[in-house]
Amino acid sequence: MSQLKVYNSLTRQKEVFESITPGHVGMYVCGPTVSGESHLGHARPYITFDVLYRYLTHMGYKVRYVRNITDAGHFEEEGREAEDKISKKAVLEKLEPMELVQKYTNLFHWAMEQFNTIPPTIEPTATGHIVEQIGMIEQIIEAGYAYVKNGSVYFDVKKYAASHDYGKLSGRVIDDLLETTRELEGQDEKKDRADFALWKNAAPEHIMRWKSPWGVGFPGWHIECSAMATKYLGAQFDIHGGGMDLLFPHHESEIAQSTICNHTAPVRYWIHNNMITINGKKMGKSYNNVIKLTELFSGDHPILEKAYHPMTVRFFILQTQYRSTLDFSNEALQGAEKGLKRLWEAYEWLMKLQVNKQEAADNELDAKVKQLATAFDEFMSDDLNTAKTLANMFELVPVINGLKDKHIAAGALSSDTIAFLQLQMKTFVEDIFGLKNVSAEDNGKFKSVMQILIELRKEAKARKDFATSDKIRNQLAEIGVQLKDEKGGEMSYSV
RNA sequence: GGUCCUGUGGCCGAGUGGCUAGGCAGAGCUCUGCAAAAGCUCCUACAGCGGUUCGAAUCCGCUCGGGACCUCCA
51 MSQLKVYNSL TRQKEVFESI TPGHVGMYVC GPTVSGESHL GHARPYITFD VLYRYLTHMG
111 YKVRYVRNIT DAGHFEEEGR EAEDKISKKA VLEKLEPMEL VQKYTNLFHW AMEQFNTIPP
171 TIEPTATGHI VEQIGMIEQI IEAGYAYVKN GSVYFDVKKY AASHDYGKLS GRVIDDLLET
231 TRELEGQDEK KDRADFALWK NAAPEHIMRW KSPWGVGFPG WHIECSAMAT KYLGAQFDIH
291 GGGMDLLFPH HESEIAQSTI CNHTAPVRYW IHNNMITING KKMGKSYNNV IKLTELFSGD
351 HPILEKAYHP MTVRFFILQT QYRSTLDFSN EALQGAEKGL KRLWEAYEWL MKLQVNKQEA
411 ADNELDAKVK QLATAFDEFM SDDLNTAKTL ANMFELVPVI NGLKDKHIAA GALSSDTIAF
471 LQLQMKTFVE DIFGLKNVSA EDNGKFKSVM QILIELRKEA KARKDFATSD KIRNQLAEIG
531 VQLKDEKGGE MSYSV
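Rendered as structure tokens:
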């Protein structure tokens with residue numbers, strides 16, 4: 051197995067991955083804020099890190115995968131009137147905040163299941179860790195890196211920056227941050243514009259509120275990740291993931307908080323996925339171009355020409371290396387849909403193939419197949435290059451189909467090579483890429499019914515009753531089942 | 001304005017100095033009762049200008065375009 055190399059945002063280069071504890075990996079991924087429905091943009095990190103999780107597991111690591119649920123509201127805009135997103139919307143919808151949080155959490159879990167992502171090993175909530183967050187804030191105050199003002203607590207960035215490299219992760223220059231002239235309301239509580247809230251005093255209308263040593267309030271946005279990551283993964287852990295948009299201020303602040311509390315840099319490898327764009331623009335609430343996952347799966351959105359299956363979306367995302375932007379379009383999605391179908395059908399046939407012990411009749415082809423399948427590991431270990439891995443799979447598709455068509459002689463490949471190909475395809479297509487069959491109706495009874503229809507069509511064709519054979523084929527096509535005549539008079543179908 | 005990233009064929013995307021992915025779409029052929037599927041073949045691009053080099057999509061500079069972050073954000 052090749053050594054895994056990952057691009058570390060902290061050092062801006064690919065590094066060989068070595069876990070702190072041999073055989074174990076601690077991975078924290080920033081989870082969703084459940085104040086609303088997840089959208090296509092959310093699909094990218096959770097699918098990306100699902101693949102990383104699966105790949106690390108494949109490499110033999112025992113991975114503790116922590117992904118939080120942010121269920122405590124945050125400021126609409128820090129500095130302006132504090133506005134708890136979750137409680138505000140709850141009032142509008144006449145729901146209890148936790149009811150709303152539960153609804154969107156359930157919806158998120160449902161969508162993640164559709165994508166066939168493996169649930170994290172621990173999924174902590176922000177509201178469930180208020181005590182830990184308060185404890186951490188107390189430590190920061192004791193260390194002298196935070197100050198209390200009117201029931202709120204702020205992190206003293208300037209003081210931190212004097213002895214630490216604030217801005218290292220995001221490439222921010224501390225002097226620029228301090229000198230920014232923009233004046234915002236309510237900034238007066240902070241000593242410096244660059245300071246960020248650890249705890250925020252709750253206005254009377256806030257529904258979500260907790261007692262703290264500084265009064266009734268709620269935690270700042272960045273502290274939850276520091277607190278929960280520390281609790282479940284320790285003072286220093288291997289991987290922290292999330293979208294690139296979180297680099298600053300979220301992850302930068304996380305580093306500062308954790309460093310003060312734990313006296314060590316919290317994370318060895320920072321891994322960030324790039325954004326999904328739509329017409330070249332990042333998808334996000336502020337851009338008004340959000341496609342919710344429910345809409346994506348149902349096709350119920352003006353931008354969408356049709357519904358897209360979750361597996362199509364997963365495949366679409368995997369066709370790109372995670373650090374590149376990925377541009378959404380109907381054309382691209384439909385391309386992915388067809389590509390996935392072709393790959394999957396070849397894959398299914400390959401898995402059924404059984405051969406007796408044999409030597410390769412075509413040594414050149416045999417070597418090529420072996421080489422292509424071996425390279426899966428090499429590409430994936432090079433910063434998870436799913437795009438290249440997939441490209442190799444597609445180079446193997448004509449070989450598989452050639453065997454199926456008898457266009458390539460059955461004895462061309464050695465039985466060892468076929469077994470190896472089957473193993474590699476199974477491992478990467480299903481176990482690591484997490485792809486699965488798109489057609490839901492493909493159960494036993496349905497298969498039997500299809501077999502009957504196929505027999506009828508074969509018989510009709512044998513007596514040159516093309517009216518009947520065409521009727522079977524065409525009427526099945528109308529309900530979305532495609533019959534395929536194969537070489538040698540066999541038939542198959544796809545839904 | 002500051003910091004950073006990026007510009008690949010009709011579309012989506014790999015690729016970091018020579019060998020030049022892959023998918024989708026399109027064209028032709030084979031197979032086939034017809035069609036589809038499948039196979040084979042073709043379409044061979046790297047924003048522009050200059051530079052480095054024997055040689056650049058790949059390195060450097062400039063120009064133009066796109067984007068991200070700096071504010072909630074995957």
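Numbering (the numbering used here) for the first sequence: 51 to 545. Backbone N, C-alpha and C fix where the C-beta goes; we use that ideal spot for every residue, glycine too. Bear in mind the structure is a predicted one, so any value in this text is a computation, not a measurement.
In the three-state scheme derived from DSSP, where H, G and I count as helix and E and B as strand, GLU509 is classed as helix. Shown here for MET401: same chain residues with a beta carbon closer than 8 Å to its own, the five before and five after excluded, namely GLN472, MET475 and LYS476 in chain order. In the DSSP annotation of this structure, the continuous segment of the beta strand (DSSP E) that includes ARG117 starts and ends at 112 to 117. With a 10 Å radius around the Cβ and a threshold of 16 neighbouring Cβ atoms, ALA193 comes out exposed. Counting every other CB atom within 10 Å of its CB across the protein chains shown gives ASN524 a total below 16, marking it as exposed.
Under the three-state reduction of DSSP output, ALA279 falls in the helix class. Residue pairing by DSSP places TRP260 opposite GLY267 in a beta bridge. ALA510 sits close to THR518, with the two beta carbons spaced by under 7 Å. Taking the CA atoms as reference points, SER59 sits about 12 Å from ASN324. In the DSSP assignment, GLY217 falls outside any beta strand (DSSP E) and carries neither an H nor an E. The continuous stretches of alpha helix (DSSP H) do not include GLN371, and DSSP gives it neither H nor E. DSSP places GLN421 within a helical segment (H, G or I) once states are collapsed to three. Of the residues assessed, GLY349 falls on the exposed side of the cut-off, its CB having fewer than 16 other CB atoms within 10 angstroms. Look at ILE310 here: in three-state DSSP terms it is helix. The three-state reading of DSSP puts LEU60 in coil, since its state is none of H, G, I, E or B.
Looking at VAL531, MET361, LYS208 and TYR372, the one whose alpha-carbon comes closest to that of LEU434 is TYR372.
When DSSP states are grouped into helix, strand and coil, PHE365 belongs to the helix group. Non-local C-beta neighbours of GLN286 in its own chain, meaning closer than 8 Å and more than five positions away in sequence, comprise ILE70, ASN312, THR314, ALA315, PRO316, VAL317 and ARG318, ordered along the chain. Per DSSP, GLN408 is not a residue of any beta strand (DSSP E), being assigned neither H nor E. Under the rule that a run must span 3 or more residues, no beta strand (DSSP E) segment is found entirely inside the stretch 414 to 502. If you draw a straight line from the Cα of GLU409 to the Cα of ASP416, it is about 10 Å long. With contacts defined by Cβ atoms closer than 7 Å, SER276 and ILE184 do not form a contacting pair. Beta-bridge analysis with DSSP links MET541 to ASP535. DSSP places ILE184 in no beta strand (DSSP E) but in the uninterrupted alpha helix (DSSP H) bounded by 180 to 192.
Here THR467 has ASP416, VAL419 and LYS420 as same chain residues with Cβ atoms under 6 Å from its own Cβ, once five neighbours each way along the sequence are excluded. Distances from the CA of TRP264 to each of VAL198, GLU146, PHE165 and PRO360 were compared; the closest alpha carbon is that of VAL198.
DSSP places THR327 outside any alpha helix (DSSP H); the residue lies instead in the beta strand (DSSP E), whose first and last residues are 326 to 328. With three or more CB-CB distances shorter than 8 Å, the stretch 109 to 121 counts as touching the stretch 166 to 173. The stretch 85 to 97 makes no contact with the stretch 236 to 256: fewer than 3 CB pairs, one atom from each, lie closer than 8 Å.
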